[in-house]
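Participant: I have a structure I would like to understand better, so I am pasting it below and will then ask my questions one at a time.
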Amino acid sequence: MKERFNSMKKTYFPEISFVRAIACLLVILTHVTLAYPIEHLNSPTLFTLLINQLARVGTPIFALISGLLLFNSSKNKKLNIKTFYKTRFDKIVIPYLFWTIIYLILVKLTHAQSFQMKDMMRYIFLGEGYVHLYFMVVVIQFYLLFPLITKFINRNNILVVTLITTAFTAGWYLIRNDQPFDLFLHRAFLLNWLAYFFMGGFMALHMDKVKIWCSQHFSSLSIAVLVSIILMLAEMKLPHLYQSDRVANLLFVPVFTAFFMSLFHVKANDRWKSILEYIGDRSMGIYLVHLLVIGVMGNILPASFWNPDFMFIHYILVILCTLAVTEIIVTIPKSYYVFPVSKRITINRQELIKHSFYVR
2 MKERFNSMKK TYFPEISFVR AIACLLVILT HVTLAYPIEH LNSPTLFTLL
52 INQLARVGTP IFALISGLLL FNSSKNKKLN IKTFYKTRFD KIVIPYLFWT
102 IIYLILVKLT HAQSFQMKDM MRYIFLGEGY VHLYFMVVVI QFYLLFPLIT
152 KFINRNNILV VTLITTAFTA GWYLIRNDQP FDLFLHRAFL LNWLAYFFMG
202 GFMALHMDKV KIWCSQHFSS LSIAVLVSII LMLAEMKLPH LYQSDRVANL
252 LFVPVFTAFF MSLFHVKAND RWKSILEYIG DRSMGIYLVH LLVIGVMGNI
302 LPASFWNPDF MFIHYILVIL CTLAVTEIIV TIPKSYYVFP VSKRITINRQ
352 ELIKHSFYVR
């Protein structure tokens with residue numbers, strides 16, 4: 002008899018919030034390093050582009066974690082399709098539409114661009130409201146297909162499905178061309194990312210073994226990451242920039258993900274775990290908000306401030322401002338319609354309030 006994944010218990014994995022936080026920070030780093038003009042390719046500018054390329058594993062890791070969390074959330078029960086779609090509509094679709102409107106307004110205010118109704122379909126269905134919103138469309142596509150996927154995927158066949166999907170995605174990368182406005186070649190098309198969702202599914206259904214393996218192979222994974230970085234450097238052709246959806250990342254992303262999990266179990270102290278879990282639990286909000294922060298900073302701060310020599314100062318400042326904005330939004334009633342926050346945070350906050358009440 003096949004072992005269905007919904008027969009296993011859903012479990013919270015703190016290391017996943019840890020990895021998701023690192024992916025989130027890498028995505029921010031990707032966008033901060035694109036904030037500088039490249040007309041003059043001096044050493045500081047080339048360095049920012051180099052960092053940009055190394056950080057390009059962030060978005061695919063996000064896709065992997067999204068798949069992991071989705072498979073994990075459905076392990077302990079038979080999927081109720083109506084509840085599933087309603088929950089995802091509230092947590093993903095509504096925030097996506099909200100932020101699409103916000104960014105379209107921002108673009109109009111800062112660049113004096115008028116809205117074209119003929120482009121509205123592209124804004125909504127291809128995530129072209131702003132440069133990072135396409136990924137929300139990718140996630141929505143996978144969620145739409147997930148109830149069907151659960152009918153065929155189980156613990157026993159997930160590895161084979163993942164390998165086949167990865168090979169198929171690699172082939173797709175190799176045969177597609179560079180016409181970004183063709184529907185099936187657009188970055189928002191699920192096929193560009195499908196392998197990562199199934200990689201996450203494999204991890205979710207074999208998490209106990211994955212955790213043990215990662216914790217036992219920190220040295221090997223460190224070497225694998227070092228080799229991956231060397232290969233990334235060899236692949237670079239600056240100032241030409243590679244996107245995240247490319248063949249090489251199908252190898253790099255699982256290596257970096259396993260390394261980050263190993264880092265959590267072997268090297269990270271409790272303070273760093275707590276900080277990164279905090280960021281990871283707010284990663285959706287951070288992802289949606291951070292380019293708003295960069296955009297506002299770019300319009301209110303003098304051009305002289307955006308010097309690549311101060312890249313890491315800019316990076317830290319964007320992180321801190323983004324965290325401040327997300328924390329303010331979390332305090333707003335029904336903020337889950339703006340972006341979802343981990344239930345673990347909500348529970349802890351309620352317990353803290355309850356504890357404070359009794360202390361008084």
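Mind the numbering: the sequence shown is residues 2 to 361 in the working numbering, read in order. Ideal placement from N, C-alpha and C gives every residue a C-beta, glycine not left out.
At the level of alpha carbons, what is the spacing between residue 181 and residue 70?
Facilitator: With a pLDDT of 49 at residue 181, under the threshold of 50, the predicted position of this residue should be treated as unreliable, and no value is reported.
Participant: If you run the structure through DSSP and keep just helix, strand and coil, what is residue 112?
Facilitator: The answer is helix: DSSP assigns residue 112 an H, G or I state.
Participant: Check the C-beta distance from residue 284 over to residue 64 and give it rounded, since I have them as a contact under 8 Å.
Facilitator: Not really, about 13 Å apart at Cβ, beyond 8 Å.
Participant: Distance, Cα to Cα, residue 186 vs residue 209?
Facilitator: Straight-line Cα distance between these residues: approximately 37 Å.
Participant: Which of helix, strand or coil does DSSP assign to residue 182?
Facilitator: Low local confidence applies: a pLDDT of 46 at residue 182 is under 50, so the model's placement there is unreliable, and no value is given.
Participant: Classify residue 308: buried if its beta carbon has 16 or more other beta carbons within 10 angstroms, exposed otherwise.
Facilitator: When all chains shown are included, residue 308 counts as exposed.
Participant: Around the C-beta of residue 54, are 16 or more other C-beta atoms found within 10 angstroms, so that it is buried, or is it exposed?
Facilitator: Residue 54 is buried by the Cβ-count criterion.
Participant: Is any non-hydrogen atom of the ligand ZN found closer than 6 Å to the C-beta of residue 251, if you look at the structure I gave you?
Facilitator: Absence of the ligand ZN from the depicted structure is noted, as is the absence of any ligand whatsoever, leaving it without description.
Participant: Measure the beta-carbon distance from residue 34 to residue 237 and round it to whole angstroms, keeping in mind my assumption that it falls under 8 Å.
Facilitator: 13 Å between Cβ atoms; not a contact.
Participant: Out of 149, 150, 152, 123, which one is the CA nearest neighbour of residue 138?
Facilitator: That would be 123, whose Cα lies nearest to the Cα of residue 138.
Participant: Would you give the residue range spanned by the alpha helix (DSSP H) that residue 285 belongs to?
Facilitator: 284 to 301 is the span of the alpha helix (DSSP H), which, as asked, contains residue 285.
Participant: Let me know the secondary structure DSSP gives residue 187 once reduced to three states.
Facilitator: Reduced to three states, the DSSP call for residue 187 is coil.
Participant: I'd like to confirm the pairing. Which residues does DSSP put opposite residue 238 in its beta bridges?
Facilitator: Note: residue 238 sits in a beta bridge opposite 241.
Participant: For residue 263 and residue 207, which I take to be in contact (beta-carbon distance under 8 Å), what is that distance rounded to the nearest angstrom?
Facilitator: The Cβ separation is near 16 Å, so there is no contact.
Participant: Beta-carbon within less than 8 Å of residue 163's beta-carbon, same chain only, minus the 5 sequence neighbours each way: which residues are those?
Facilitator: Result list for residue 163: 196, 199, 200, 202, 203, in chain order.
Participant: Secondary structure at residue 120, three-state DSSP: helix, strand or coil?
Facilitator: If DSSP states are grouped into helix, strand and coil, residue 120 belongs with the helices.
Participant: May I ask which residues mark the beginning and end of the alpha helix (DSSP H) holding residue 15?
Facilitator: 15 to 33 is the span of the alpha helix (DSSP H), which, as asked, contains residue 15.
Participant: Under a three-way DSSP split, which group does residue 352 fall into?
Facilitator: Because the pLDDT at residue 352 is just 41, under 50, the model does not fix this residue reliably, and the point stays unresolved.
Participant: What number of angstroms, rounded off, separates the C-alpha of residue 102 from the C-alpha of residue 130?
Facilitator: Between residue 102 and residue 130, the C-alpha separation is close to 7 Å.
Participant: Buried or exposed: where does residue 193 fall if 16 or more other Cβ atoms within 10 Å of its Cβ makes it buried?
Facilitator: Buried, because 16 or more other Cβ atoms sit within 10 Å of the Cβ of residue 193.
Participant: I believe residue 66 touches residue 24 by the beta-carbon criterion, under 8 Å. Please report the beta-carbon distance rounded to the nearest angstrom.
Facilitator: Contact holds; Cβ gap of about 7 Å.
Participant: Among 147, 297, 253, 340, which one has its Cα closest to the Cα of residue 81?
Facilitator: Per the Cα distances, 147.
Participant: How about residue 340 and residue 299: are their beta carbons less than 7 Å apart?
Facilitator: Contact: no.
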